[in-house]
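Have a look at the structure below, then the notes.
Number of protein chains: 2
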Amino acid sequence: MATPVAQLAVSTVIFSLRAGSTLWLPLVRRIREPFEGQWALPGGPLGANESLADSAARTLQQTTGLTPRYLEQLYAFGTVDRSPSQRVVSVVYWALVRPDEAEQATEGENVRWFSADELPELAFDHNTIVEYALWRLRNKMEYSRIAHAFLGERFTLAQLREVYEAVLRRPLDPANFRRQIEAGQSIVATDEYLAGGRHRPPRLYRTNESIDLAENGPLPEQGAPHALR
Amino acid sequence: MATPVAQLAVSTVIFSLRAGSTLWLPLVRRIREPFEGQWALPGGPLGANESLADSAARTLQQTTGLTPRYLEQLYAFGTVDRSPSQRVVSVVYWALVRPDEAEQATEGENVRWFSADELPELAFDHNTIVEYALWRLRNKMEYSRIAHAFLGERFTLAQLREVYEAVLRRPLDPANFRRQIEAGQSIVATDEYLAGGRHRPPRLYRTNESIDLAENGPLPEQGAPHALR
DNA sequence: ACAAAAGTGTTCGGCCTACACCCATGC
DNA sequence: GCATGGGTGTAGGCCGAACACTTTTGT
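This is the structure in structure tokens:
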């Protein structure tokens, strides 16, 4: 077999919400050159018997202990000079995980969560990659239903709205938000209410499983929302 | 260096319009196993000193002799079994070329243009890839200005509308189309008119260079519209 | 004059926005 | 009862769809 011109790696930008209202993502500290000691996106070389999406889900599992609620391919980065030594082409995925799960995620000397808009200088072109992932997340939030992936089984409309507000960084009218979400059929009302609040108890909803979170076209089950089954 | 688990290749789905109203794309005949004799997307291994987008533009040039008016990364395909022998991960681009250029494109025993919705059975998963590229093209046509990439320097609104109608496969109201296009600022009226028609001569327009064809977010000039400069 | 495409005007309805208002609960 | 978020009603504006109508050319 011909010797290749570049190494192939898979990395993942993992988003979660902290305090219900700020975007956080986990980074790993590099333990060898290049960029030893600096923070980088979790990832690594593609395994022999795993697809690209499998690889992304695996490193996600290994670094955070979590299973993604949403996983989608972001982009393949392959400029010649993005790694100073051996050339690397990185296929990057982005993922959403639930905050309640992220709370108990493994964190240690070499894995730490950062606020998405207060990142240090990262290894390679990873700052650019995160910026692009953020752009995609915000874009996709406006025309699809991925917000649900940040939430648990049952949630109130206010919680869902807070997700939108946190990602889009602008306040939304609760009344209009309700109608828009109800018009799309992405959620289903349960007959339960959230007690214990200080005011009128809000109704609890669940996601409508019969409708896909995002329309990804004719891609055959690859990096699509269901990659996690 | 560690031996890699997969070969890295770059392929391109190249679209053009034939007779102003049908989508066509060039395929190349495979001259060795696997899939010897079958038609496949143009592409090949990544070169040592070229970026992914460069590679896509190069094979496009080599197989058709053309320069793309628009070039964008489509997706990275990497399931384990997509090639029967050695595993291959393909980073696929899609491109738009002008019909007048495509007319005089090289065509021969091993390069032929096909109607996009009457394709034969292609090598590997290339039928799926073309379907996905078509989906992206049609999607992007609705919310960006890429239609211009199918046209020459000067064009009439009717010609632009025919591009939309061909790709979206539905008729558009000429009156409303005019206003929508004019509202977006993607075109500029010239003071020339197209004479020689059978009726009232339509005004000629040109693309507004000061506005990008598509908003691709914070990607640093990579596979973006300007990759061709 | 007539046909047909180029181009303009007008109406309608849906959807988003803003905001007034009622409802139900904890304190 | 009162504060507060949950939830409903409603009026205005914008935009796209539909379509009538005027303009300008070739024949």
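Taken in order, these protein sequences are the chains called A and B. Sequential numbering from 1 applies to the first sequence in full-length UniProt numbering. Sequential numbering from 1 applies to the second sequence in full-length UniProt numbering. Yeah, the Cβ is synthetic: ideal placement off N, Cα and C, and Gly gets one too. If you're wondering where the values come from, they're calculated on a predicted model, not measured in any experiment.
Item, Value
"Neighbouring residues, chain A, relative to B/N127 (Cβ below 8 Å)", "Near B/N127 there are no residues of chain A at all, since even the closest Cβ is about 10 Å away, more than 8 Å."
"Exposed unless 16 or more other CB atoms sit within 10 angstroms - verdict on A/I31", "exposed"
"Three CB pairs or more closer than 8 Å across the segment 105-121 of chain B and the segment 152-168 of chain B", "no"
"A/L66 (DSSP reduced to helix, strand or coil)", "coil"
"Spatial distance of A/S51 from B/I181 (CA atoms)", "42 Å"
"Assigned secondary structure, B/F150 (DSSP; H/G/I helix, E/B strand, else coil)", "helix"
"At least 3 beta-carbon pairs within less than 8 Å: the segment 95-102 of chain B vs the segment 9-24 of chain B", "yes"
"Inter-stretch contact (C-beta, 8 Å, three-pair minimum) for the segment 32-45 of chain B and the segment 54-66 of chain B", "yes"
"DSSP three-state assignment for A/A48, whether helix, strand or coil", "coil"
"Helix, strand or coil at B/Q185 according to DSSP, with G and I counted as helix", "coil"
"Pairwise C-alpha distance: B/P171 and A/S210", "32 Å"
"Proximity to B/Q159 [Cα-Cα], best of B/E215, B/T128, B/R136, B/P201", "B/P201"
"Beta-carbon proximity check, A/A189 vs A/V163, cutoff 8 Å", "no"
"First through last residue of the beta strand (DSSP E) which encompasses A/T26", "A quick correction: the sequence has Pro, not Thr, at residue 26 of chain A. Note, A/P26: beta strand (DSSP E), 22-29."
"Distance, A/A56 Cα to B/Q38 Cα", "33 Å"
"A/T12, enclosing beta strand (DSSP E) - first and last residue", "7-18"
"Beta-bridge partners of B/Q73, as assigned by DSSP", "B/Y93"
"Partners in chain B for A/Y132, counting only beta-carbon separations shorter than 7 Å", "G217, P218, L219"
"is_contact[A/G20, chain B] using C-beta, thresh 8 Å", "no"
"Chain A contact for B/Q7 (CB, 8 Å cutoff)", "yes"
"Endpoints, alpha helix (DSSP H) assigned at A/T207", "Run containing A/T207: none in the alpha helix (DSSP H); it sits in the beta strand (DSSP E), 203-207."
"C-alpha distance - B/P34 paired with B/V92, whole-angstrom precision", "19 Å"
"Proximity of A/Q185 and B/P4 at Cβ, strictly below 8 Å", "no"
"Cutoff 6 Å; reference A/F177; Cβ partners in own chain excluding five residues on either side", "R161"
"Exposure of B/G197, with buried meaning 16 or more beta-carbon neighbours within 10 Å", "exposed"
"A/A183, buried or exposed, once every other Cβ within 10 Å from all chains shown has been counted against 16", "exposed"
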